[in-house]
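A short worksheet on the structure shown next.
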Amino acid sequence: MEQRLRRLLPNGQFAGVPTQHTARMRAIKSTGNRSTEKRARAILIRAGVRGWQMQPAGLVGKPDFLFAAAKVVLFIDGCYWHGCGQCSHAFRKNRRYWNAKIAGNSERDRRNDASLRRAGYRVLRVWEHELSAGCDGKWLIRLKRWLTTRLASAIPT
Ligand SMILES: [Zn+2]
43 MEQRLRRLLP
53 NGQFAGVPTQ
63 HTARMRAIKS
73 TGNRSTEKRA
83 RAILIRAGVR
93 GWQMQPAGLV
103 GKPDFLFAAA
113 KVVLFIDGCY
123 WHGCGQCSHA
133 FRKNRRYWNA
143 KIAGNSERDR
153 RNDASLRRAG
163 YRVLRVWEHE
173 LSAGCDGKWL
183 IRLKRWLTTR
193 LASAIPT
């Protein structure tokens, strides 16, 4: 993804780019999302996690996965677009854009999370890099724990 960005934005500057470029940026964003979603999906299947749907409609912030019965939503956040502190060193070439746009993105993420929580959802955000092989998968352990406790408490007595 980074290479593609560099090719499209040789000066590393995004400010004032024509609308068609912005549209292309958006296209890249959603393509990136799709591949990380696929990876997350494979991990869930392998782990035997059930009861989810991808890209549920009508939820604020467009979560990548919804666990409807447990009221848990899962976001897979691209390290670039959502401003991952651990991977940000890789993005230095686009720092000017990064500062403005990414800060806006993560602020919007926080607002969306708050709104989802008010609606009764638990919100789990996972960095794209946490899906890589060799990553410890803490998010998956947390997700399973949330699903177990929330489903248990949802059973009518
Ligand atoms: Zn990262």
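Be aware that the sequence shown starts at 43, since it is given in the numbering used here, and climbs by one per residue. Glycine included, C-beta positions come from ideal geometry on N, C-alpha and C. Remember, predicted model here, so these are calculated numbers, not experimental data.
What did DSSP end up calling residue i once you bin it into helix, strand or coil?
i      : result
Asp119 : strand
Gly54  : Reliability of the predicted coordinates at Gly54 is poor, the pLDDT of 49 falling under 50, and the value obtained from them is presented with this limitation in mind. In the structure shown, Gly54 sits in coil (DSSP, three-state: anything other than H, G, I, E or B).
Gly169 : Just to set this straight, residue 169 is Trp in the shown sequence, not Gly. Trp169: strand per DSSP, three-state reduction.
Leu193 : helix
Arg92  : coil
Leu101 : coil
Met43  : With a pLDDT of 42 at Met43, under the threshold of 50, the modelled position of that residue is not reliable, and the figure given next carries that caveat. Coil at Met43, not helix or strand.
Taking 8 Å as the line, does the beta carbon of residue i fall inside it for any heavy atom of ligand 1?
i      : result
Glu170 : yes
Gln97  : no
Could you check how far apart the C-beta atoms of residue i and residue j are, in whole angstroms? I think they sit under 8 Å.
i      : j      : result
Leu193 : Ala82  : With a Cβ gap of about 20 Å, Leu193 and Ala82 do not count as contacting.
Ala157 : Gly125 : Reading off the sequence shown, one finds Ser at residue 157, where the question assumed Ala. In fact, because the Cβ distance is near 20 Å, the residues do not count as touching under 8 Å.
Val114 : Leu166 : 7 Å
Thr78  : Gly120 : 6 Å
Whether or not the segment 87–94 and the segment 109–124 are in contact is what I'm after, with contact meaning three or more pairs of Cβ atoms, one per stretch, closer than 8 Å; do they touch?
yes
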